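The structure appears right after this line, and notes come after that.
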Ligand code: ADP
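Residue numbers (our numbering): 72 to 598.
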């Protein structure tokens, strides 16, 4: 993910500064229209009580102790949606204290009781699906339909783990001595620090908080400073669902200071993080001081391999979905599209046609499937990657520049003749840019696909069942999609190998990340 920094202040320079294209009169007019639409959405959200703009400590909505705030901006317009507190170490310490105090009661509830609270929360998330979707589009930029889809997906983790809460089984181990009985108990880890990114403002939170609460843990959540509003709205709904005060605490602001407070605390027994590999490594190193558990979901560099024997329509549909979801801003987005030489030209032509037909614009507008990038830094990253690729012989077939809408809108792009040594193949581009690489043999494709430190998602398109298995087993990745471009679901384990992370989220395995095993030996039974 593109690294970025947010500064607390009372008068901020725009983080999402406008490009020269915004000065064009037509674009200014359009931007004003978009802004007034967004204003009325904000007003509706305010009156529904879902536009929360404070942190939550011990069930009390709280400002930063020094009164500092930071702006949350709409990436489609640059407008300020709200100011939220810019918190730091002191607020985090109090949030940890509150989570720790609540842990003693929350963890002692029966699983069935915790399950009921979570189910109620799930129901409320679904009832407010539209408003939460609007908030996601406002602060993150993705098209409304996709944003509402994220709400359903995000809520599904709460529903799933409400059910899993009741299935945390221990074990009885056959004893090695006749007068002993051996048991394994599963118990909640304790207070969990939850740190999440901006690309899925709801789902990245629920897939951590769902299993944490289900297992009896309490949490201190730090959402991304770029997209805290969805998290705050979802937390308001958790309170409405009756989840006890202090079970979920939310702080945001100075990320390193909050991170350090979480890492240094002995009460925080686990950190679960989704974000850049660089930050993940820092957190992992920082967790060593108190020997905390860590779950990390870090950057990917997903290969999408299209073999000559693939059904080309299925491959185009799958590659489009895998590449352009969330304007290319997901860690499972296809980062390198490897196409076998026999269908390379045909694929490139048909794929480019499909890419050209995508509508770019404000996520609130009907028919738009590609929103803006999150900010200027993200655009600069794409520009640098494309410049490097073109200087080394790649050719831009479609797009390749900022969109005429200005701001951080970027044209959906197809680049051909890409080589695995280019920057665009080495690192996540995190943008609507599809690099096409050519390969000859299956072995070569596997070699290129695995030639990276990342190992999160991979996709293959082939009509051969034998090849499907052979290649899936050879790929050094945590997730493999065969003839499918979108495979994430709450019922399957999500997570990477190599430097893409540690641990799994979702599925029956996801709850283990929040549980400790305790061995109990009952002895002297013959006395
Ligand atoms: P992204 O490219 O998504 O911004 P980051 O890793 O920078 O990736 O950010 C992901 C999350 O990690 C965000 O909530 C961010 O505020 C947080 N973060 C960044 N640096 C630190 C840090 N030093 N300690 C704790 N959290 C951090």
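From the three backbone atoms N, C-alpha and C, an ideal C-beta is built for every residue, glycine too.
No experiment lies behind these values; they were computed from the predicted model shown.
Do residue i and residue j have their CB atoms nearer than 8 angstroms?
| i | j | result |
| --- | --- | --- |
| residue 182 | residue 433 | no |
| residue 157 | residue 320 | no |
| residue 328 | residue 138 | no |
| residue 408 | residue 516 | no |
| residue 262 | residue 242 | no |
| residue 349 | residue 556 | no |
| residue 486 | residue 465 | yes |
| residue 274 | residue 313 | no |
| residue 417 | residue 383 | yes |
| residue 317 | residue 170 | yes |
| residue 402 | residue 351 | no |
| residue 500 | residue 481 | no |
| residue 426 | residue 341 | no |
| residue 354 | residue 389 | no |
| residue 217 | residue 397 | yes |
| residue 155 | residue 429 | no |
| residue 252 | residue 596 | yes |
Per DSSP, residue i forms a beta bridge with which residues?
| i | result |
| --- | --- |
| residue 506 | 486 |
| residue 531 | 376 and 553 |
| residue 405 | 373 |
| residue 587 | 258 |
| residue 128 | 131 |
| residue 473 | 481 |
| residue 252 | 593 |
| residue 316 | 319 |
| residue 154 | 142 |
| residue 203 | Note: residue 203 sits in no beta bridge, so no partner. |
| residue 364 | 341 |
| residue 293 | 266 |
| residue 244 | 253 |
| residue 324 | 158 |
From the options, pick the residue whose C-alpha is nearest to that of residue i; which is it?
| i | options | result |
| --- | --- | --- |
| residue 289 | 264, 394 and 271 | 264 |
| residue 185 | 430, 384, 368 and 315 | 315 |
| residue 308 | 122, 482 and 112 | 122 |
| residue 365 | 179, 334 and 380 | 334 |
| residue 150 | 270, 397 and 478 | 478 |
| residue 460 | 429, 424, 109 and 504 | 504 |
| residue 524 | 429, 280 and 496 | 496 |
| residue 391 | 419, 371 and 414 | 419 |
| residue 529 | 553, 508 and 535 | 553 |
| residue 440 | 118, 282 and 220 | 220 |
| residue 227 | 562, 594 and 575 | 562 |
| residue 502 | 284, 449 and 322 | 449 |
| residue 532 | 381, 484, 410 and 286 | 381 |
| residue 240 | 595, 594 and 587 | 587 |
| residue 526 | 454, 368 and 424 | 368 |
| residue 646 | 140, 474, 538 and 110 | As shown, the chain starts at 72 and ends at 598. That puts residue 646 outside it, with no answer to give. |
| residue 344 | 564, 292 and 296 | 292 |
| residue 359 | 424, 372, 346 and 336 | 336 |
What do you reckon, is the C-beta of residue i under 7 angstroms from a heavy atom of ligand 1?
| i | result |
| --- | --- |
| residue 167 | no |
| residue 249 | no |
| residue 326 | yes |
| residue 347 | yes |
| residue 540 | no |
| residue 276 | no |
| residue 267 | yes |
| residue 366 | no |
| residue 371 | no |
| residue 336 | no |
| residue 353 | yes |
| residue 329 | yes |
| residue 571 | no |
| residue 156 | no |
| residue 131 | no |
| residue 293 | yes |
| residue 350 | yes |
| residue 296 | yes |
Inset, instruction - May I ask you to verify whether the stretch 191-209 touches the stretch 158-174, counting CB pairs closer than 8 angstroms and requiring at least 3? - result: no
Inset, instruction - Check whether the stretch 567-575 touches the stretch 548-555, taking contact to mean three or more Cβ pairs, one atom from each stretch, closer than 8 angstroms. - result: yes
Inset, instruction - Report yes or no: do the stretch 227-242 and the stretch 580-589 share at least 3 C-beta pairs separated by less than 8 angstroms? - result: yes
Inset, instruction - State whether the stretch 374-391 contacts the stretch 466-479, with contact taken as three or more CB pairs (one from each stretch) at a distance under 8 angstroms. - result: no
Inset, instruction - Check whether the stretch 491-499 touches the stretch 426-446, counting contact only when three or more Cβ pairs, one atom from each stretch, lie closer than 8 angstroms. - result: no
Inset, instruction - Would you check if the stretch 202-219 and the stretch 242-251 touch, i.e. whether three or more CB-CB distances between them fall below 8 angstroms? - result: no
Inset, instruction - Tell me, please, whether the stretch 206-219 touches the stretch 290-301 by the rule of three or more beta-carbon pairs shorter than 8 angstroms. - result: yes
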